[in-house]
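S.K.: As they're listed, the protein sequences go chains U and G. All residue numbers for the first sequence refer to my numbering, where the first residue is 18 and numbers rise by one. All residue numbers for the second sequence refer to my numbering, where the first residue is 164 and numbers rise by one. We put the CB at the ideal spot given by N, CA and C, even for glycine. Got a structure for you, written out below as structure tokens; questions coming shortly.
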Amino acid sequence: MSKKDTILQAATRLFSEKGFKETSIAELSKTTGAAEGTIFYHFKNKEDIFLSILEDTRNRVIEEFERYLKEGKFDSGLDMIEGATSFYFYLAGMMEEQFLLLHRRHPHELAEVNPVCREHLEAIYNCFVNGFEQAILLGQKDGSIRKMSSKKTSLIIFSMVDGLVRFKTYNLYDAGALHKEFIELCRRMLQKK
Amino acid sequence: MSVITVFSGNFCKEDPVVLEVTSSTGYKLVTDKVLISDASRLSGMGEGKIERAFSATTSVFNKFTHEKERAIAYLRLALAETLSDDDLFIQGFAGQLIPKEVSHVLRVCLIADLKFRTKVAAEEQGLSEKDAVKLIHNEDNDRAAWVNALFGNKDPWAASLYDIVIPMDKKDVAEAAALIVKNLDSDVVKTTESSRKAVEDFILAANTEVALVKEGHTAGVNVKDGSVTLTINKHVLMLSRLEEELKSIVSRVPGVKSVDTKVGRGFHKADVYRKVDLEAPSKVLLVDDEREFVQTLSERLIMREMGSAVTYDGESALKLVSKDEPEVMILDLKMPGIDGIEVLRRVKETRPEIEVIILTGHGSEADRKVCMDLGAFAYLHKPVDIDLLSESLKKANEKIRQKKAAMS
């Protein structure tokens, strides 16, 4: 792994665990063994490191999620919703630190003043919501999903999966125990009667 | 052929003036009550819910339900439809919703000083001075909140909002009514081709807004000759999704020729104060060269719902004071460049209404005396207890409110 990647990986962990403001370059230097000068050789400042992490997260999320939707075999739009939401949970498990970071307040605050940050976050969220919407539209076409606003419904489904991941992240409840009911509820909510 | 609107303080003899003008001109009187009932009919919302739009307090649930925005959208529609008629006298809050492009409207404000109003309150309703002042204060508050929400102007009686502001402590009812009737003849309030068109655009804007609130959305709506511009005034991360949805809703409204969206003031954090809220206690400016310290402090104040801005040296503080309007300043004494005492001196010279709280880690008893003599509000030592500081801020705030109340 290159020095730069090592720094990014360590920073992802530190930012996700302690938060952006609480993480110092000195600590990052200690964890990675990279001199502070080396860190500043690769990145302009702490924010630059943070934005690089977001960019990586964005690229990886989009690549994985889109590939899954493209290559997955679904019998109907309703099945695709089940697949897409399950894949969201899978990604959240695979990229735990990145999701933890996305659940922090700081990136969203930064997005209000920093257009680059805004753009990364919008792309990440859009990728998921677009995927869900795509499944709803497909389901409405093949008759498995009833007529309802695909735009709003996809957002609500996103808020449900995102909420469940938050349950897990902050140990509110054993989120795994809710998975079966979640899928059932989604089906009942969308299914054409 | 015109429309009159009147928006007044309570106990300013509004009703007799309205009566006199309507009887001499034959204009049809349209009150808030009439419009509320129309809006209720159009929306299916209860009249009480619609009327609450005129109150300064907003339900805590409003963030999720947008009930206030819905009420206002339907009020606007009721008003816009009413404006298809001419020769109207629109009395109350709703008249403020007419856009300025509708130029055949004579906008009247009746107001008087507190002394006159308490006297009228005693004559009309037998109120004690204390009760009258309280009632006047409460109702002025609602009016200020209404005007501020619509125009961003904190003064509901600001001359810029009206064609005539009549001081009722200096004119009697007959004189005021005569003044209004005389101004009705003025060319500037005559109906013209473009003011007619503006009414049509107003109706379309109102219908557009209703279509949006029906779907749970709110946005600024501007219509010019059937072309709609929507302004998104809050920060939304998934902006492109939102724009797409708003466009698809609005393009279905009959009469809309085109739809455009743009982001407005609320979208970018243009304001140095991170939170500007009518009910937030104050706008606080923190001046200190210890960056870590002020940033933490600023965050803690924001947690306590006080909007705060930060500068790290005296010079930027003075610059900010001259272009913006902090109400309270928290100032360190020892800073590079212009030091705290000098900042205090200049602020008190040019903007004496700003209350300054000194917060210092190094100050001596002599410094304390100098600062208090210069007009500092309080002198606190670092490290400061956030509760103690909050308390001082609240007291400073109270002093400012009292001063403002005494002036108006």
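1) According to DSSP, simplified to helix, strand and coil, what is Lys345 of chain G?
2) Apart from the five residues on each side of it in sequence, which residues of its chain come closer than 8 Å, Cβ to Cβ, to Lys360 of chain G?
3) List in chain order: all unbroken alpha helix (DSSP H) runs of 4+ residues lying wholly within the segment 150-193 of chain U.
4) Return the CA-CA distance between Ala219 of chain G and Lys185 of chain U, expressed in angstroms with no decimal places.
5) Excluding the 5 residues preceding and the 5 following Val473 of chain G in the sequence, name in chain order all residues of the same chain whose CB lies nearer than 7 Å to its CB.
6) Does Phe170 of chain G come out as helix, strand or coil in the three-state DSSP assignment?
7) Under a three-way DSSP split, which group does Arg270 of chain G fall into?
8) Using beta carbons (cut-off 8 Å, strictly below), is Leu17 of chain U in contact with chain G?
9) Are any of the Cβ atoms in chain G nearer than 8 Å to that of Tyr142 of chain U?
10) Within a Cβ cutoff of 6 Å, which residues of the same chain sit near Leu543 of chain G, ignoring the five residues on either side of it in sequence?
11) So with CB distances below 8 Å, who are the chain G contacts of Glu139 of chain U?
12) Verify the CB distance criterion: does Glu129 of chain U have a CB-CB separation below 8 Å to chain G?
13) Quick one, which of G:Val268, G:Leu192, G:Lys532 has its alpha-carbon nearest Lys353 of chain G's?
14) For Glu408 of chain G, would you say it is in contact with chain U, using Cβ-to-Cβ distances shorter than 8 Å as the test?
15) In this structure, how does DSSP classify Val78 of chain U when only helix, strand and coil are distinguished?
16) Counting contacts by CB-CB distance shorter than 8 Å, is Val16 of chain U in contact with chain G?
17) For Val484 of chain G and Thr221 of chain G, what's the separation of their Cα atoms in angstroms?
18) Taking the C-alpha atoms as reference points, what is the distance between Ser171 of chain G and Trp309 of chain G?
19) Is there contact here, the segment 316-330 of chain G with the segment 266-280 of chain G, by at least three beta-carbon pairs under 8 Å?
20) How about His120 of chain U: is its C-beta nearer than 8 Å to some C-beta of chain G?
21) If the criterion is Cβ atoms closer than 8 Å, does the pair Phe106 of chain U and Phe145 of chain U meet it?
22) Looking at C-alpha atoms only, which residue of U:Ala192, U:Leu207, U:Ala194, U:Cys203 is the closest neighbour of Met165 of chain U?
23) Does any CB atom of chain G fall closer than 8 Å to the CB of His125 of chain U?
24) Quick one: grab the DSSP three-state call for His59 of chain U.
25) Quick one: what does DSSP say Gly526 of chain G is sitting in, helix, strand or coil?
26) According to DSSP, is Met18 of chain U part of a helix, a strand, or is it coil?
27) If you drop the 5 nearest sequence neighbours on each side, which residues of the same chain put their C-beta closer than 6 Å to that of Ile501 of chain G?
28) For Thr474 of chain G, does the three-state DSSP call read helix, strand or coil?
29) For the candidate residues G:Ser358, G:Ile299, G:Glu210, G:Arg454, whose alpha-carbon lies nearest to that of Tyr237 of chain G?
30) Going residue by residue through the segment 217-250 of chain G, where are the continuous alpha helix (DSSP H) segments of at least 4 residues, counting only ones entirely within it?
31) Among all the DSSP beta bridges, which residues are the ones paired with Asp423 of chain G?
32) Hey, quick one: how far does the beta strand (DSSP E) through Met492 of chain G stretch, first residue to last?
33) Output the residue ranges of the alpha helix (DSSP H) runs that lie fully inside the segment 291-354 of chain G and measure 4 residues or longer, sorted by chain position.
34) Can you check whether the C-beta of Val439 of chain G is within less than 8 Å of a C-beta belonging to chain U?
35) Alpha carbon to alpha carbon, how far is Ala433 of chain G from Glu129 of chain U?
36) For the beta strand (DSSP E) holding Asn385 of chain G, just list the boundary residues, first then last.
M.R.: Judging by the given coordinates:
1) Position 182 of the second sequence, counted from the start, is the residue given in the question as residue 345 of chain G. In this structure, DSSP gives Lys345 of chain G a helical state, which the three-state scheme calls helix.
2) On the second sequence, position 197 is the one that residue 360 of chain G refers to. Cβ within range, chain order: Asp388.
3) 167-186
4) On the second sequence, position 56 is the one that residue 219 of chain G refers to. On the first sequence, position 168 is the one that residue 185 of chain U refers to. C-alpha separation (whole angstroms): 41 Å.
5) In the second sequence, the residue the question calls residue 473 of chain G occupies position 310. The residues are Leu449, Val457, Gln458, Ser461.
6) Residue mapping note: residue 170 of chain G aligns to position 7 of the second sequence, counting from 1. When secondary structure is reduced to three states using DSSP, Phe170 of chain G falls in the strand class.
7) Indexing the second sequence from 1 puts residue 270 of chain G at position 107. Here Arg270 of chain G sits in strand by DSSP.
8) The question about residue 17 of chain U has no answer here: the residues shown for chain U are numbered 18 through 210.
9) Taking the first sequence and counting its residues from 1, the one referred to as residue 142 of chain U is at position 125. With 8 Å as the cut-off, Tyr142 of chain U counts as an interface residue toward chain G.
10) The residue given as residue 543 of chain G occupies position 380 in the second sequence. For Leu543 of chain G, where only same-chain residues beyond five positions count, the Cβ hits under 6 Å are Leu522.
11) Position 122 of the first sequence, counted from the first residue, corresponds to residue 139 of chain U. Result: Leu400, Met401, Leu402, Ser403.
12) One-based indexing of the first sequence puts residue 129 of chain U at position 112. Interface with chain G (8 Å Cβ-Cβ cutoff): Glu129 of chain U is included.
13) Translated into the one-based positions of the second sequence, residue 353 of chain G becomes position 190. It is G:Val268 whose Cα lies nearest to the Cα of Lys353 of chain G.
14) The residue given as residue 408 of chain G occupies position 245 in the second sequence. Chain U contact via Cβ: present.
15) For the purposes of this step, residue 78 of chain U is taken as the residue at position 61 of the first sequence. Judged by DSSP in its simplified three-state form, Val78 of chain U adopts helix.
16) It is not possible to answer for residue 16 of chain U, since the shown part of chain U is limited to 18 through 210.
17) Here the question's residue 484 of chain G lines up with position 321 in the second sequence. Here the question's residue 221 of chain G lines up with position 58 in the second sequence. Between Val484 of chain G and Thr221 of chain G, the C-alpha separation is close to 31 Å.
18) Residue 171 of chain G sits at position 8 when you count from the first residue of the second sequence. Residue 309 of chain G sits at position 146 when you count from the first residue of the second sequence. One C-alpha to the other measures close to 12 Å.
19) yes
20) In the first sequence, counting from the first residue as 1, residue 120 of chain U sits at position 103. His120 of chain U does not count as touching chain G.
21) Numbered from 1 along the first sequence, position 89 holds the residue referred to as residue 106 of chain U. Numbered from 1 along the first sequence, position 128 holds the residue referred to as residue 145 of chain U. Note that the C-beta distance between Phe106 of chain U and Phe145 of chain U is not below 8 Å.
22) Numbered from 1 along the first sequence, position 148 holds the residue referred to as residue 165 of chain U. Among U:Ala192, U:Leu207, U:Ala194, U:Cys203, the Cα nearest to that of Met165 of chain U is on U:Leu207.
23) For the purposes of this step, residue 125 of chain U is taken as the residue at position 108 of the first sequence. Cβ-Cβ to chain G under 8 Å: yes for His125 of chain U.
24) On the first sequence, position 42 is the one that residue 59 of chain U refers to. It is helical.
25) The residue labelled residue 526 of chain G in the question sits at position 363 within the second sequence. If DSSP states are grouped into helix, strand and coil, Gly526 of chain G belongs with coil.
26) Here residue 18 of chain U refers to the residue found at position 1 when the first sequence is read from its first residue. Coil at Met18 of chain U, not helix or strand.
27) As a working mapping, residue 501 of chain G is identified with position 338 in the second sequence. Hits under 6 Å: Gly477, Glu478.
28) The residue given as residue 474 of chain G occupies position 311 in the second sequence. DSSP places Thr474 of chain G in strand when its eight states are reduced to three.
29) Locating residue 237 of chain G in the second sequence gives position 74, counting from the first residue. Across the set G:Ser358, G:Ile299, G:Glu210, G:Arg454, the C-alpha of G:Glu210 shows the shortest separation from the C-alpha of Tyr237 of chain G.
30) 225-228, 230-245
31) Numbered from its first residue, the second sequence carries residue 423 of chain G at position 260. Bridge partners of Asp423 of chain G: G:Thr392.
32) Mapped onto the second sequence, residue 492 of chain G falls at position 329. Met492 of chain G -> beta strand (DSSP E) spans 491-494.
33) 292-314, 336-347
34) As a working mapping, residue 439 of chain G is identified with position 276 in the second sequence. For Val439 of chain G, the predicted structure reports a pLDDT of 35, less than 50, and the residue's modelled location is therefore unreliable. The matter cannot be settled from this model.
35) Position 270 of the second sequence, counted from the first residue, corresponds to residue 433 of chain G. Position 112 of the first sequence, counted from the first residue, corresponds to residue 129 of chain U. With a pLDDT of only 39 at Ala433 of chain G, under the threshold of 50, the placement of this residue in the model should not be trusted; the figure read from the coordinates follows. In a straight line, the C-alpha of Ala433 of chain G is about 10 Å away from that of Glu129 of chain U.
36) Working through the second sequence from its first residue, we reach residue 385 of chain G at position 222. DSSP places Asn385 of chain G in the uninterrupted beta strand (DSSP E) bounded by 383-387.
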